[in-house]
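Engineer:
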Amino acid sequence: MWSPHYSDLGFNEYSINEYEFYLTTSQAGLQSQLELVIDIVHKTKTIMRNILVIFIILLFFNTSKADFIEGQALFVTAHSGLKLRSAPIVGKTIEVIPFGSEVTFISHKEGEPKGHEIDWVKGNWIEVEYDGLEGFVFDGFLTSLPIPMHDFELNQIDMGLLYPLESWILYHFVLNPSEMDTLTSNNGYAKVSIDFDQGSWSKQNKKNVFKAELILNHGRIMDVYHILLAMYEDPAKKAIFENKTIFIKNNDGEIDNIKIASDELITIRKLTDGKLRVRILTSERGCI
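Just so it is clear: in the sequence shown, position 285 is 265 by this note's numbering, and no numbers are missing.
1. According to the Cβ coordinates, are Gly199 and Leu251 closer than 8 Å?
2. Would the segment 124 to 132 and the segment 155 to 164 be scored as touching if the rule is three or more Cβ pairs under 8 Å?
3. Give every residue of the same chain whose Cβ lies closer than 6 Å to the Cβ of His59, excluding the five residues on either side of it in the sequence, and list them in chain order.
4. Taking all protein chains shown into account, do 16 or more other C-beta atoms lie within 10 angstroms of the C-beta of Pro144, making it buried, or fewer, making it exposed?
5. Closest Cβ-Cβ distance between Ser242 and chain D: below 8 Å?
6. Counting beta carbon pairs with one atom in the segment 67 to 82 and one in the segment 103 to 120, are three or more of them shorter than 8 Å?
7. Name, in chain order, the residues that DSSP records as bridge partners for Arg200.
8. What is the DSSP secondary structure of Tyr205, reduced to helix, strand or coil?
9. Got a sec: does the ligand GTP put a non-hydrogen atom nearer than 7 Å to the Cβ of Ile77?
10. Tell me, please, whether the segment 115 to 123 touches the segment 189 to 207 by the rule of three or more beta-carbon pairs shorter than 8 Å.
11. In whole angstroms, what is the alpha-carbon distance linking Leu209 and Lys218?
12. In terms of residues, what are the limits of the alpha helix (DSSP H) holding Asn223?
13. Report the rounded CA-to-CA distance for Ile174 versus Met160, giving the unit in angstroms.
14. Mapping DSSP to helix, strand and coil, what is Thr252?
15. Would Thr225 and Ile240 qualify as a contact pair, given that the criterion is a beta-carbon distance under 8 Å?
16. May I ask you to report which of helix, strand or coil DSSP gives His96?
17. Among Gly254, Asn230, Thr262, which one has its Cα closest to the Cα of Glu244?
18. What are the partner residues of Tyr169, as DSSP defines its beta bridges?
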């Protein structure tokens, strides 16, 4: 059978050798280009992963910067009142805003150094409006959480904070308290729990030892501490609560854990997902 020779197809020996060299070098070129593309993809993935990690760290651990929005209502948590100044830090005092009062957020102070700390409380200077007056306040003593003001939200006699905290949650966050799930057993164990938009609440009793847990989806750890402190009306009890508080900072210098051994054992913790967890362990009865 006849088989074509390269000369029959118009090629000579030189052109065939050149073509074979071209194929060899082209394959090598494609291989090196492919390896280059793969290397670029891997490096890009590494860069994007690092950027994502940095973003998550900034999102979850930069607790000194509050994400207030223009027109938002905020409440004073400083029990001695919060000074409204004409300028940050050293400005003239315009007014002392009483504890529990509402102010309206206007803006963050542009160009002002971030991350001031006063008595374990980190914050920044922001512009607010109060009772027709505008000025600057330290936002570490402001919160978007509701301030406990009613008798049923405050410590009564020697009941500790379990009942006031539960009352505060049910009053401000739970539309229908009857929707709480209840689990009981015959061995002296009982538990109630409920989920709401801002988090969840659960409380269990085993042989007259009560354990309660509050999860808040957002917020600053010192805001929650100030809310618990506000549940004490008696100055002496308030002082005991403060004196028995231990603030624990992480490696970044941010408070992420607070422990209080007062009437009961209380812990407030900033979780890795950005949520806040409050736990109370007590032998006081509360309502369960």
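Glycine is no exception: its CB is placed at the ideal position from the N, C-alpha and C atoms.
The structure presented is a predicted model; accordingly, all values stated were derived computationally and were not measured.
Structural biologist: The short version:
1. no
2. no
3. Phe79
4. buried
5. Absence of chain D from the displayed structure is noted, only one protein chain being present.
6. yes
7. None; Arg200 has no bridge partner.
8. helix
9. Among the ligands in the structure shown, none appear at all, so the ligand GTP cannot be discussed.
10. Taking 8 Å as the limit for Cβ pairs, the verdict is that the segment 189 to 207 does touch the segment 115 to 123.
11. Answer to the nearest angstrom: the Cα atoms are 6 Å apart.
12. 215 to 223
13. Looking at the two C-alpha atoms, the distance is approximately 5 Å.
14. coil
15. Cβ distance < 8 Å, so Thr225 and Ile240 count as in contact.
16. The DSSP-derived three-state label of His96 is strand.
17. Residue Thr262 is the option with its Cα nearest to Glu244.
18. Lys186
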